[in-house]
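S.K.:
2 protein chains.
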Amino acid sequence: MRARDEQKEEAIRQEALKMIVEEGFDGLSMQKLAKAAGVSPATIYIYYKDRDDLIVQLWVHEMNKMIDATLKDFDPDAPFAEGLRVQWMNRAHYSIDNPLNSEFLEQIKHSPYHYVSIDKVDPRFLDAMQRFVHNGIRRKEVVKLPMEVYWSVAFAPLYNLVRMHMAGRGLGGRQPFTLDDKMLEQTLKLVIKALTP
Amino acid sequence: MRARDEQKEEAIRQEALKMIVEEGFDGLSMQKLAKAAGVSPATIYIYYKDRDDLIVQLWVHEMNKMIDATLKDFDPDAPFAEGLRVQWMNRAHYSIDNPLNSEFLEQIKHSPYHYVSIDKVDPRFLDAMQRFVHNGIRRKEVVKLPMEVYWSVAFAPLYNLVRMHMAGRGLGGRQPFTLDDKMLEQTLKLVIKALTP
DNA sequence: AATATAACTGAACGAACATTCATTTATATT
DNA sequence: AATATAAATGAATGTTCGTTCAGTTATATT
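Residue numbers (our numbering), protein chains in the order written: chain U, 3 to 199; chain B, 3 to 199.
Quick look at the structure:
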């Protein structure tokens with residue numbers, strides 16, 4: 003039998019990502035996507051059941067890539083401030099270096115697709131995070147908090163800074179804005195202050 | 003001449019909001035919207051130039067409503083901790099009481115529509131915020147920070163908690179989650195700790 | 001009561017949509 | 001070299017899309 007063309011599959015993913023980020027979900031048309039990826043519309047339906055399945059599978063794929071990047075050199079048993087810094091910098095740099103990929107994830111998260119089942123994603127991320135936070139609490143490096151509060155305080159500011167960086171505009175869209183390592187460190191310091199007893 | 007039917011206009015806005023939040027931007031069809039609002043498709047084009055104009059005008063309308071709610075009883079000259087609490091509680095309660103309206107705003111913010119010109123929005127919000135923060139810095143109640151960092155630390159955790167509350171699910175979508183006033187106060191306390199010298 | 005005018009309408013337009021299907025093509029196995 | 005099989009295709013399907021337009025309806029003004 004004939005083997006699958008990996009390059010076609012990757013081309014479909016790349017073009018779909020680009021269309022969604024640049025034109026939104028209603029900008030993703032199967033026929034336009036086929037043309038952009040250099041395949042027949044029917045070929046897409048070999049890889050994906052339908053348009054929805056394409057979007058969900060794309061999310062799983064991108065989610066795992068982002069998690070891999072975020073967990074690089076991360077040790078859940080490291081001291082809290084150190085571990086959080088590794089995650090912050092990994093995540094920030096991945097987003098800045100792969101704007102289409104990370105904007106796609108943000109777009110899904112804040113759309114009706116947010117229900118996509120997290121079960122399909124590698125559970126290492128959540129496991130590592132939970133262990134990391136519990137370590138921190140046990141060692142009295144972190145205030146005792148519901149996981150959701152911890153997560154919101156620890157990471158939401160980062161996501162927000164990255165989003166403004168992507169847009170190239172700061173508050174209210176009036177001022178140009180660029181996120182650099184100095185500002186990341188400055189913000190991380192505040193976050194650590196909040197979470198430390 | 004004949005007068006405009008305000009109820010029709012409001013019905014169009016309500017149904018559009020609902021369609022977008024429930025089905026995403028590609029779920030908003032002009033013909034479905036017309037039927038849901040009980041008007042002719044052509045009527046929509048009296049109020050709005052086209053589909054894009056409808057979405058942008060809807061954003062301006064909802065943005066102003068949200069700002070009004072957030073600034074209720076807010077005094078930019080009040081002590082920092084007090085002013086921030088007023089804004090936090092206003093914003094949180096507005097979001098929880100008007101889930102469609104606030105989810106719509108979040109969806110726009112994280113979509114290609116994020117470029118919508120902020121100029122069309124009442125400038126009171128930004129003005130009040132800037133004054134409030136500068137007051138805080140002057141009185142040494144707040145650390146000196148770029149506005150973007152301040153904003154990210156002060157409000158991004160709130161937006162994130164509200165989003166999880168809307169979804170009814172917490173971290174990783176595994177656990178049910180409800181945001182209550184106690185948790186809001188707890189998180190606000192951390193945020194104030196981060197921003198206070 | 002007549003008139004002018006803008007709100008409002010349903011039906012219609014071509015374009016674009018997601019998806020399918022009968023064929024053709026490439027290749028791993030025999 | 002022959003065969004079997006899944007990959008890949010282009011054209012076609014019926015549907016839904018955004019938008020328009022010729023005609024009507026309601027009302028503020030005269």
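The C-beta atom is built at its ideal place from N, Cα and C for all residues, glycine as well.
1. Between residue 180 of chain B and residue 159 of chain B, which are expected to be in contact by the criterion C-beta below 8 Å, what is the C-beta distance as a whole number of angstroms?
2. Got a sec? Which residues, its chain only, sit under 6 Å from residue 144 of chain U by beta carbon, not counting five neighbours each side?
3. For the segment 180-195 of chain B, enumerate the residues whose C-beta is nearer than 7 Å to any C-beta of chain U, in chain order.
4. Does the beta carbon of residue 120 of chain U sit closer than 8 Å to a beta carbon anywhere in chain B?
5. Could you name the residues of the segment 153-172 of chain B whose beta carbon sits closer than 7 Å to any beta carbon of chain U, in the order they occur along the chain?
6. Given this structure, state the Cα-to-Cα distance separating residue 142 of chain B from residue 112 of chain B, to the nearest angstrom.
7. Would residue 149 of chain U pass as an interface residue toward chain B - the criterion being a Cβ-Cβ separation below 8 Å?
8. In the DSSP output, what is residue 171 of chain U paired with across the bridge?
9. Quick one: residues in its chain with C-beta nearer than 7 Å to the C-beta of residue 122 of chain U, no 5 flanking neighbours on either side, listed in chain order?
10. Since residue 163 of chain B contacts residue 90 of chain B with CB under 8 Å, what's their CB separation in whole angstroms?
11. Taking 8 Å as the threshold, find out whether the segment 14-27 of chain B comes into contact with the segment 165-185 of chain U through three or more Cβ pairs.
12. Got a sec? Which residues, its chain only, sit under 7 Å from residue 79 of chain B by beta carbon, not counting five neighbours each side?
13. Taking its Cβ as the centre, do 16 or more other Cβ atoms sit within 10 Å of residue 39 of chain B, making it buried, or is it exposed?
14. Judging by CA-CA distance, which residue of B:55, B:53, B:176, B:47 is the nearest neighbour of residue 223 of chain U?
15. Where do the N-terminal and C-terminal ends of the alpha helix (DSSP H) with residue 23 of chain U fall, by residue?
16. Please give the ranges of any alpha helix (DSSP H) in the segment 56-102 of chain B, keeping only runs that are unbroken, at least 4 residues long and fully inside the region.
17. Does the structure place the segment 87-105 of chain U close enough to the segment 62-77 of chain U that three or more beta carbon pairs sit under 8 Å?
18. Can the beta-carbon of residue 22 of chain B be found less than 8 Å from the beta-carbon of residue 49 of chain B?
19. Since residue 143 of chain B is in the alpha helix (DSSP H), which residue starts that stretch and which ends it?
20. Below 7 Å on C-beta distance, what does residue 116 of chain B contact in chain U?
21. Going by other Cβ atoms of all chains shown within 10 Å of its Cβ, with 16 needed for buried, is residue 64 of chain U buried or exposed?
22. In angstroms with no decimal places, state the Cα-to-Cα distance between residue 43 of chain U and residue 52 of chain U.
23. Buried or exposed: which applies to residue 94 of chain B, given that a residue is buried once 16 or more other Cβ atoms fall within 10 Å of its Cβ?
24. Does any residue of chain U have a CB that is nearer than 8 Å to the CB of residue 136 of chain B?
25. Under 9 Å between beta-carbons, which chain B residues line up against residue 176 of chain U? List them in chain order, please.
26. Identify whether residue 42 of chain U lies in helix, strand or coil by the three-state DSSP scheme.
27. Quick one: which chain U residues come within Cβ less than 9 Å of residue 26 of chain B?
28. Please report how far the alpha carbon of residue 155 of chain U lies from the alpha carbon of residue 161 of chain B, in whole angstroms.
29. Counting only beta-carbon separations shorter than 8 Å, does residue 108 of chain B have a partner in chain U?
30. Would you mind listing the alpha helix (DSSP H) stretches within the segment 101-150 of chain B that are 4+ residues and don't spill past its ends, in chain order?
31. Do residue 106 of chain B and residue 19 of chain B come within 8 Å of each other at the CB atom, strictly closer than that value?
32. Residue 197 of chain B touches chain U at which residues, Cβ-Cβ below 8 Å?
33. May I ask you to report which of helix, strand or coil DSSP gives residue 154 of chain B?
34. Please work out which residues of its chain come closer than 6 Å, Cβ to Cβ, to residue 118 of chain B, disregarding the five sequence neighbours upstream and downstream, and give them in chain order.
M.R.: This is what the structure holds:
1. About 17 Å; that fails the 8 Å criterion.
2. 82, 138, 197
3. 185, 188, 189, 192, 193, 195
4. yes
5. 153, 154, 155, 158, 159, 161, 162, 163, 166, 169, 172
6. 34 Å
7. yes
8. U:178
9. 62
10. Not confirmed; about 10 Å, so no contact.
11. no
12. 137
13. buried
14. Shown here, chain U extends from 3 to 199; a query on residue 223 of chain U therefore has no answer.
15. 8-25
16. 82-99
17. yes
18. no
19. Neither: residue 143 of chain B is in no alpha helix (DSSP H) and is coded neither H nor E.
20. 169
21. buried
22. 11 Å
23. buried
24. no
25. 120, 121, 128
26. coil
27. 26, 27, 28, 113, 114, 115
28. 10 Å
29. yes
30. 101-111, 126-140
31. yes
32. 192
33. helix
34. 58, 61
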